[in-house]
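First up is the structure itself, then whatever we jot down about it.
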Amino acid sequence: MKRVISIIICAVLMVISVPYANAAATPKLVAITFDDGPSVYTEGLLDGLAQRGAKATFFIVGNMASARTSVLQRMVNEGHQIANHTTSHPDLSKLSAQSIINELNGCANYLKQAGGEQQYLLRPPYGSYNSTVRNNANMPIILWSVDTLDWKYRNSDTVYNNIINNTTDGSIVLLHDLYKSSVNGALRAIDTLKERGYEFVTVNELFRRRAVTLENGKVYSAAYNKGITLPATEKPKSVEITFENVYGGKQVSLTCPTENVSIHYTTDGSEPNENSPKYTSPFLVTSITDIKAVAYNSQLSDVSFRKIWVEPAPAPAVSFENSILTLTPSENTTVYYTLDTSAPTDMSTVYTEPLTIDRQIDLLVRAVGKADRRITYVSTAYGKLFSDIKASGWYYNAVSEAVNCGIMTGVSEFEFSPTGNVTRAMFVTVLHRMSKDAQTEYAPASFVDIDNNLWYAKAAAWAQSTGIVKGVSETEFAPNVNITRQEMCTMLARFFEYYEIALPVTEREAFADADTIAEWAKTSVDMLYLGGLINGVGDNLFAPTNTATRAECAKLSIDTYKTLNK
Ligand code: NI
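Residue numbers for the sequence shown, in our numbering: 220 to 785.
As structure tokens, this is what we get:
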């Protein structure tokens with residue numbers, strides 16, 4: 220069966236190849252190969268090959284590759300072939316089957332890291348092999364038909380002459396990139412042979428164009444012209460990246476004008492190659508994404524790049540009064556909602572008219588070409604609406620009450636920012652609002668970093684006059700600096716002292732991290748802790764230097780407010 224198929228393939232190939240075989244411009248092919256590297260001369264060789272548009276095959280020694288893995292990567296990137304020349308360059312015909320396998324695997328690991336074609340070739344060191352080598356290679360075995368003896372003479376003229384005098388159409392030339400003389404002689408020979416109509420191809424490409432399918436364990440040393448020369452694979456044209464606006468974002472399609480290519484792409488900004496994820500069908504992009512794509516046959520196309528801009532669907536305008544929520548969706552958007560805390564989908568109820576919100580509404584906003592936007596609004600116990608608090612949060616009651624009493628307000632109309640930090644200006648404002656001197660006029664604060672027209676100016680004036688909150692220095696108040704939990708306690712304790720309010724003293728277990736509380740804060744933390752106004756953060760820890768959160772501030776201030784108004 221296999222034989223019948225190969226006869227058919229041969230017949231087809233011969234028909235295809237006739238115009239090329241007869242064409243005057245049919246190039247002569249040669250595979251130039253370099254063994255035993257990479258070495259210190261290899262990068263210069265790659266530069267020379269790139270200038271001449273010549274491809275080569277490198278039979279890599281694993282122990283040499285370990286110090287120069289980036290050179291292997293460069294070979295692959297520049298269209299050369301990398302292949303296996305064992306790990307430590309032993310005479311394989313003297314080794315056991317297992318040792319042979321180990322020698323080949325050690326080198327293969329370096330080849331795999333560099334990518335490239337995954338079907339590797341073996342060149343046994345010294346060209347030495349036996350049936351054990353053939354049976355365990357699991358690769359085609361490639362020898363040579365032109366031996367330059369470069370290692371022996373180390374003379375670039377000899378290398379040059381040996382190549383041009385012995386190369387014929389289909390030769391495989393043996394060289395070593397260990398010697399400067401080999402590199403120089405080879406590059407000169409490439410120039411001469413190119414003038415004589417030779418094309419320099421990799422070993423795989425040589426056999427492909429001669430319509431020879433390489434078989435594992437079989438030995439090859441040339442691919443002479445027997446009347447078949449297939450055309451070179453064309454470098455694929457660049458991939459076109461297009462998109463269509465769909466619900467949820469943009470549907471991206473990748474196409475290549477060149478036929479019989481695979482398309483590979485990345486979305487993380489990295490350079491794609493033939494080992495990158497393969498494109499199979501259009502995919503949805505839901506945020507701003509850099510798409511890079513290449514097409515591959517045996518060559519890589521240039522990289523195509525397109526930034527896909529996807530914005531979230533616009534949020535509806537919101538108003539909330541007497542527990543009635545009115546939404547004004549933007550044009551071309553649809554708002555779905557649930558009232559039972561389940562996540563809404565495009566099967567959920569569509570918003571059409573004002574709704575009474577008892578506790579929570581979950582919205583899904585969809586628009587063509589935009590990413591889905593999800594918003595959860597939670598109503599406080601007193602009918603204030605926030606999009607960033609949780610009905611199940613430990614702070615829910617404290618936030619509800621603190622906002623209702625007017626001690627704290629949201630950071631914007633519908634945001635409370637429960638996990639946000641508390642600045643010195645914020646906390647002094649909370650204390651001021653709770654004090655019985657909230658209506659008293661004080662001389663403006665004299666700190667240089669306070670703008671006396673800002674929202675916290677009155678609170679700062681009160682704080683300086685009463686001495687409840689001191690500046691961070693004689694002249695500075697640092698209004699925008701965040702406060703820690705122990706700083707919050709110190710300020711609050713001074714507040715109680717100033718207004719001569721005594722807190723109860725109850726027995727409580729000491730915090731496990733009590734010794735990490737600063738000396739200047741210890742009395743204050745004790746006073747509030749034993750007075751029942753502050754608790755730990757869990758695990759019997761106080762975490763004195765943690766930045767205080769707005770939810771913690773709400774809890775502490777509402778408890779203080781209740782103590783004051785008992
Ligand atoms: Ni060798």
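Using N, Cα and C, we set each Cβ at its ideal position, and we do this for glycine too.
For clarity, every value in this text was computed on a predicted model and none was experimentally measured.
Beta-ladder partner(s) of residue i, from DSSP
i	result
Ile576	Per DSSP, none; premise fails for Ile576.
Thr557	Asp581
Asn771	Contrary to the premise, residue 771 reads as Glu rather than Asn in this sequence. BP columns for Glu771 are empty, so no partner.
Asn640	Thr768
Ser538	Thr545
Tyr570	According to DSSP, which records beta bridges pairwise, Tyr570 is partnered with nothing at all.
Tyr260	Per DSSP, none; premise fails for Tyr260.
Ile361	Tyr439
Ala250	Ile391
Asn303	Ile279 and Leu341
Pro531	Ala590
Asn464	Lys469
Gly488	Answer is none; Gly488 lacks a bridge partner.
His483	Lys497 and Val513
Phe524	Lys511
Glu634	Ser631
Leu170	The structure shown has nothing for residue 170, since the chain only spans 220 to 785.
Glu459	Thr474
Cα-Cα separation between residue i and residue j, rounded to whole angstroms
i	j	result
Thr768	Phe761	14 Å
Thr547	Tyr615	27 Å
Leu604	Glu540	9 Å
Tyr439	Ala286	30 Å
Ala230	Trp363	Residue placement at Ala230 is poorly supported in this model, since its pLDDT is 44, which falls under 50; the coordinates still yield a value, given next. If I take the Cα positions, the gap works out to 28 Å.
Ala617	Asn623	10 Å
Arg396	Gly416	Note that residue 396 corresponds to Asp in the displayed sequence, not to Arg. Those two C-alpha atoms are separated by around 24 Å.
Phe696	Ile720	26 Å
Gln300	Leu330	10 Å
Asp509	Met294	27 Å
Val700	Pro563	39 Å
Ser506	Ser500	19 Å
Ile736	Gly334	56 Å
Glu414	Ser375	19 Å
Glu738	Pro763	11 Å
Leu412	Ile383	7 Å
Phe730	Lys609	28 Å
Ser654	Gln683	14 Å
Arg585	Phe502	18 Å
Thr477	Asp369	41 Å
Pro257	Asn303	12 Å
Lys454	Ala532	41 Å
Pro160	Ser636	Because residue 160 is not part of the residues shown, which for the chain are 220 to 785, the question remains open.
Pro573	Thr560	18 Å
Ile409	Val402	11 Å
Leu783	Tyr601	21 Å
Trp681	Ile576	39 Å
Lys781	Ala773	12 Å
Asn296	Gly446	32 Å
Ile669	Ala676	7 Å
Asp734	Glu771	22 Å
Gly389	Ile527	47 Å
Short CB-CB distance (under 8 Å) between residue i and chain D
i	result
Arg427	The question asks about chain D, but that chain is absent: this structure has only one protein chain.
Supposed close pair residue i, residue j - CB separation, criterion 8 Å
i	j	result
Thr261	Gln332	Going by Cβ atoms, the distance from Thr261 to Gln332 rounds to 17 Å, so no, they are not a contact pair.
Met710	Val691	Actually they are not in contact, since the Cβ atoms of Met710 and Val691 sit about 12 Å apart, beyond 8 Å.
Asp255	Met283	7 Å
Arg342	Ile320	Rounded, the Cβ-Cβ distance is 16 Å, inconsistent with contact.
Val471	Ile482	Wrong, their Cβ atoms sit about 12 Å apart, outside the cutoff.
Phe419	Ala275	7 Å
Val378	Ser400	6 Å
Thr599	Ser619	4 Å
Val529	Val504	6 Å
Tyr556	Gln579	With a Cβ gap of about 10 Å, Tyr556 and Gln579 do not count as contacting.
> Do three or more CB pairs link the region 619-632 to the region 657-665 at distances below 8 Å?
Replying inline: no
> Given 8 Å as the limit, is there contact between the region 742-752 and the region 585-593, that is, 3 or more CB pairs closer than that?
Replying inline: no
> Do the region 314-323 and the region 346-354 meet, that is, are 3 or more Cβ pairs less than 8 Å apart?
Replying inline: yes
> Residues with a Cβ closer than 5 Å to any heavy atom of the ligand NI, in chain order?
Replying inline: Asp254, Asp255 and Pro344
> Are the region 261-276 and the region 244-253 touching, with three or more C-beta to C-beta distances below 8 Å?
Replying inline: yes
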